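Undergrad:
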Amino acid sequence: MIDLRSDTVTQPTPAMRAAMMEAALGDDVFGDDPTVLALQETLAGRLGYEAGLFCPTGTQSNLCALMAHCGRGDEYIVGQEAHTYKYEGGGAAVLGSIQPQPVENAPDGSLPLEKIAAAIKPDDPHFARTRLLALENTIGGKVLPPGVVRDAVALARKHGLATHLDGARFFNAAVASTGVAESLAQVERRLLEGFDSVSICLSKGLGAPAGSVLLGSVGLIRQAVRVRKMLGGGMRQSGLLAAAGLHALEHHVARLAEDHERARVLAERLRGIPGLSVEGPHTNMVFVRMPPERLAALTAFLKERGILIFPSARLRLVTHLGLGAADIEAAGEAFAAYFREDPFS
Ligand SMILES: *Cc1c(COP(=O)(O)O)cnc(C)c1O
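Quick note on this note's numbering: the sequence shown kicks off at 234 and runs consecutively.
Dropping the structure here:
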C-alpha cells in the first residue's frame with residue numbers, strides 16, 4: 234500500500250525491530266528501565282534540556298506539560314489551530330481545569346504578537362491567571378518563521394509567562410531549516426531557544442511505533458511524572474518502545490530531508506493536473522483542494538490501485554519513510570489517471 238494518510242502509519246524497520254529485541258529492560262514506574270532512561274537523557278542532552286519524560290503519546294506528553302506549567306484556574310494562550318487546543322479532546326480544560334485562550338493563527342501558522350499581547354490578562358480577580366504560551370512547530374507542516382517565534386517567546390518572558398512548544402514534528406522543522414551556515418545540531422538548539430518545555434513525537438516521521446518525549450527542567454519533569462502517573466501513562470517495560478525511539482533518533486532524523494523532497498515531487502506532479510488546487514509542500518505535507526463531490530470516487534479509484542488517502546475537501550497528503558521515489562511517481566500517476574478518465578467539466 235502507498236499510504237499517504239499520515240506519517241503515523243510507518244512500520245518499524247527490521248533494524249528498529251532488532252534494536253527493540255535487544256533492549257535492556259526494567260520497570261520505568263520504579264525509574265529503573267535503562268533504555269527509557271537512556272532515551273530521556275539522550276534527547277534532553279541533544280536539545281539542551283535538563284531532563285526528559287517518555288510518554289505513550291504526544292497528546293499525553295503535551296497534557297503533562299500543560300498541567301505541570303498551569304494549575305486549576307490558570308490560562309494558557311494557544312493557536313486556534315493548535316493540536317493541544319483543537320485535536321486533544323479539550324484535555325487541558327477537562328482534566329487540567331486550565332482555561333485555553335485561543336488566538337487566531339496567521340496564515341503562516343504563527344500567532345501575531347499583538348494578539349498574544351492583547352490576550353494576556355492583568356492580575357485582577359475578574360480574570361483567569363495567564364500562565365503559559367504554547368506554540369507548535371511545524372504546524373500544518375509549516376515551519377514557523379524564526380523571528381516571530383523569538384519575539385513571541387520574548388514577549389511571554391516579559392510578562393512572566395512560561396513557554397511550551399508542541400514539537401510533534403520538531404525534527405521536520407529542524408531538518409527543513411538547515412542551510413550551509415549552520416549544522417543540524419545548531420539549528421535544533423536555535424529553534425528551541427527560550428522554550429521552557431518541548432514535546433517531541435517519535436511515532437510520526439521518525440518511524441517509531443509509539444511514544445513522545447517531554448523535555449524541560451528537573452523541577453518541571455518531576456511535576457510531569459506525577460501528572461503522567463495520574464493520567465495512566467506510567468508504563469513498565471517501556472524500554473522496548475524507548476529502544477525504537479533511540480534507534481529513530483540515531484537513524485531517522487537526517488533522512489526526513491528525503492520525505493520533504495518526496496513531498497516536493499508529489500506537489501509538482503499534482504500541479505500538472507488541470508483543475509486541482511495544490512498548496513505546499515510544507516515539509517512532508519502537500520494539501521490539495523478539490524470539489525467535495527469528487528472525493529469519494531477519487532478515494533475509491535486510488536484505493537483500487539493500492540493508494541490510501543483520507544478524503545477531505547482540503548486533502549492532506551503526507552510523505553514518510555514507508556514511501557520511496559517510485560511510490561510517489563505511482564501516486565502522481567494515479568491522480569492524473571483519475572482526472573484524465575473523469576475530467577473537471
Ligand atoms: C500527532 C500530534 C500530536 C500528538 O499526537 P498523538 O497521536 O497523541 O501522539 C501533538 N501535536 C501535534 C502537532 C501532532 O501532529
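Idealized CB from N, CA, C, for every residue including glycine. A quick note: this is a predicted structure, and the numbers were derived from the prediction, not measured.
Would the stretch 289-301 and the stretch 438-456 be scored as touching if the rule is three or more Cβ pairs under 8 Å?
TA: yes
Undergrad: For THR243, which residues from the same chain have a beta carbon less than 7 Å from its beta carbon, with the 5 sequence-adjacent residues on both sides left out?
TA: Taking the first residue of the sequence shown as 1, we reach residue 243 at position 10. The answer, listed in chain order, is GLY440, HIS553, LEU554, GLY555.
Undergrad: Using 8 Å for Cβ pairs, my map puts ALA481 next to MET249. What's the rounded Cβ distance?
TA: Along the sequence shown, one-based indexing puts residue 481 at 248. Along the sequence shown, one-based indexing puts residue 249 at 16. The Cβ separation is near 7 Å, so the contact holds.
Undergrad: Could you give the first and the last residue of the continuous alpha helix (DSSP H) run that contains ARG504?
TA: By 1-based counting over the sequence shown, the position of residue 504 is 271. 489-504 is the span of the alpha helix (DSSP H), which, as asked, contains ARG504.
Undergrad: If we call anything under 8 Å between Cβ atoms a contact, is VAL381 one with THR396?
TA: Here residue 381 corresponds to residue number 148 of the sequence shown, with the count starting at 1. Here residue 396 corresponds to residue number 163 of the sequence shown, with the count starting at 1. For VAL381 and THR396, no; Cβs fall outside 8 Å.
Undergrad: By the 10 Å Cβ neighbour count, where 16 or more other Cβ atoms means buried, how is GLY264 classified, buried or exposed?
TA: The residue given as residue 264 occupies position 31 in the sequence shown. Burial check for GLY264: the Cβ neighbour count within 10 Å stays below 16, so the residue is exposed.
Undergrad: Rounded to whole angstroms, how far is the Cβ of GLN334 from the Cβ of GLU308, which I believe are closer than 8 Å?
TA: Here residue 334 is taken as the residue at index 101 of the sequence shown, counted from 1. Here residue 308 is taken as the residue at index 75 of the sequence shown, counted from 1. At roughly 5 Å, the Cβ-Cβ gap stays under 8 Å, so GLN334 and GLU308 are in contact.
Undergrad: GLY291: beta carbon under 7 Å from a heavy atom of ligand 1?
TA: Counted from its first residue, the sequence shown places residue 291 at position 58. True, at least one ligand heavy atom lies under 7 Å from that Cβ.
Undergrad: Would you kindly check if the distance between the Cβ of LEU394 and the Cβ of SER430 is under 8 Å?
TA: Sequence index remark: in the sequence shown, residue 430 carries index 197 (1-based). Sequence index remark: in the sequence shown, residue 394 carries index 161 (1-based). No, Cβ-Cβ distance for SER430 and LEU394 is not below 8 Å.
Undergrad: Going by Cα to Cα distance, which pick from ALA559, LYS536, PHE520 is closest to ALA546?
TA: Taking the sequence shown and counting its residues from 1, the one referred to as residue 546 is at position 313. Per the Cα distances, PHE520.
Undergrad: Any idea what DSSP makes of LEU335, helix, strand or coil?
TA: As a first step, residue 335 is located in the sequence shown; it is residue number 102 there, counting from the start. For the record, residue 335 in the displayed sequence is Pro; it is not Leu. The three-state reading of DSSP puts PRO335 in strand, counting E and B together.
Undergrad: Just verifying my parser: in three-state terms, what is the DSSP assignment at GLY278?
TA: Sequence index remark: in the sequence shown, residue 278 carries index 45 (1-based). Helix, per DSSP.
Undergrad: Report the option in SER343, SER432, ALA559 whose CA atom is closest to the CA atom of LEU280.
TA: As a working mapping, residue 280 is identified with position 47 in the sequence shown. Among SER343, SER432, ALA559, the Cα nearest to that of LEU280 belongs to SER432.
Undergrad: Is it true that the CB of GLY513 sits closer than 8 Å to the CB of GLY322?
TA: Position 89 of the sequence shown, counted from the start, is the residue given in the question as residue 322. Position 280 of the sequence shown, counted from the start, is the residue given in the question as residue 513. Cβ distance not < 8 Å, so GLY322 and GLY513 don't count as in contact.
Undergrad: Could you tell me if the beta carbon of LYS437 falls within a distance shorter than 7 Å of some heavy atom in ligand 1?
TA: Position 204 of the sequence shown, counted from the start, is the residue given in the question as residue 437. Because some heavy atom of ligand 1 lies under 7 Å away, the Cβ of LYS437 counts as near it: yes.
Undergrad: Name, in chain order, the residues that DSSP records as bridge partners for ASP307.
TA: By 1-based counting over the sequence shown, the position of residue 307 is 74. Paired residues: ARG362.
Undergrad: Please identify the residue among ASP236, LEU344, ARG402 whose C-alpha is closest to the C-alpha of LEU435.
TA: Working through the sequence shown from its first residue, we reach residue 435 at position 202. The shortest C-alpha separation from LEU435 is found at ARG402.
Undergrad: Rounded to whole angstroms, what's the CA-CA distance from GLU254 to PRO245? Just pull it up for me.
TA: Position 21 of the sequence shown holds residue 254. Position 12 of the sequence shown holds residue 245. First, the residue type needs correcting, since residue 254 is Met and not Glu in the sequence shown. Whole-angstrom Cα-Cα distance: 12 Å.
Undergrad: Is LYS437 helix, strand or coil when you go by DSSP?
TA: Your numbering for residue 437 matches position 204 in the sequence shown. Here LYS437 sits in coil by DSSP.
Undergrad: Going by Cα to Cα distance, which pick from SER343, VAL376, ALA367 is closest to ASN405?
TA: Position 172 of the sequence shown holds residue 405. Looking at SER343, VAL376, ALA367, the one whose alpha-carbon comes closest to that of ASN405 is VAL376.
Undergrad: For MET518, which residues does DSSP report across the bridge?
TA: Within the sequence shown, numbered from 1, the residue matching residue 518 stands at position 285. MET518 is bridged to HIS515, VAL551.
Undergrad: Just checking CYS434 against ligand 1 - is the residue's beta carbon closer than 7 Å to any of the ligand's heavy atoms?
TA: Translated into positions along the sequence shown, residue 434 becomes position 201. True, at least one ligand heavy atom lies under 7 Å from that Cβ.
Undergrad: Comparing alpha-carbon positions, which option in PHE287, SER471, ASP575, ALA567 lies nearest LEU499?
TA: By 1-based counting over the sequence shown, the position of residue 499 is 266. The residue with the shortest Cα to Cα distance from LEU499 is ALA567.
Undergrad: So, at 6 Å on beta carbons, what are the nonlocal neighbours of PHE577 in its own chain, with the 5 sequence-adjacent residues on each side left out?
TA: Translated into positions along the sequence shown, residue 577 becomes position 344. The residues are GLY508.
Undergrad: Cutting at 6 Å between CB atoms, please list the residues of its own chain near ILE372, excluding the five before and the five after it.
TA: If you number the sequence shown from 1, residue 372 lands on position 139. Closer than 6 Å at the Cβ level, and outside the excluded window around ILE372, lie GLY342.
Undergrad: Put VAL446 into one of helix, strand or coil per three-state DSSP.
TA: Translated into positions along the sequence shown, residue 446 becomes position 213. Note: VAL446 maps to strand in three-state DSSP.
Undergrad: Given this structure, state the Cα-to-Cα distance separating SER239 from TYR571, to the nearest angstrom.
TA: If you number the sequence shown from 1, residue 239 lands on position 6. If you number the sequence shown from 1, residue 571 lands on position 338. So the two alpha carbons sit approximately 22 Å from each other.
Undergrad: The alpha helix (DSSP H) spanning ALA559 covers which residue range?
TA: What you label residue 559 is simply residue 326 of the sequence shown in a count that begins at 1. That run of the alpha helix (DSSP H) goes 558-574.
Undergrad: If I follow the unbroken alpha helix (DSSP H) through ALA424, where does it start and stop?
TA: Here the question's residue 424 lines up with position 191 in the sequence shown. With the sequence shown as reference, residue 424 is identified as Leu, and Ala is not the correct amino acid for it. Run containing LEU424: 417-424, per the alpha helix (DSSP H) assignment.
Undergrad: Evaluate GLN419 with the Cβ neighbour count: other Cβ atoms within 10 Å of its Cβ, from every protein chain shown; 16 or more gives buried, anything less gives exposed.
TA: Your numbering for residue 419 matches position 186 in the sequence shown. Under a 10 Å Cβ-count criterion, GLN419 is classified as exposed, with fewer than 16 other Cβ atoms of the shown protein chains found around its own Cβ.
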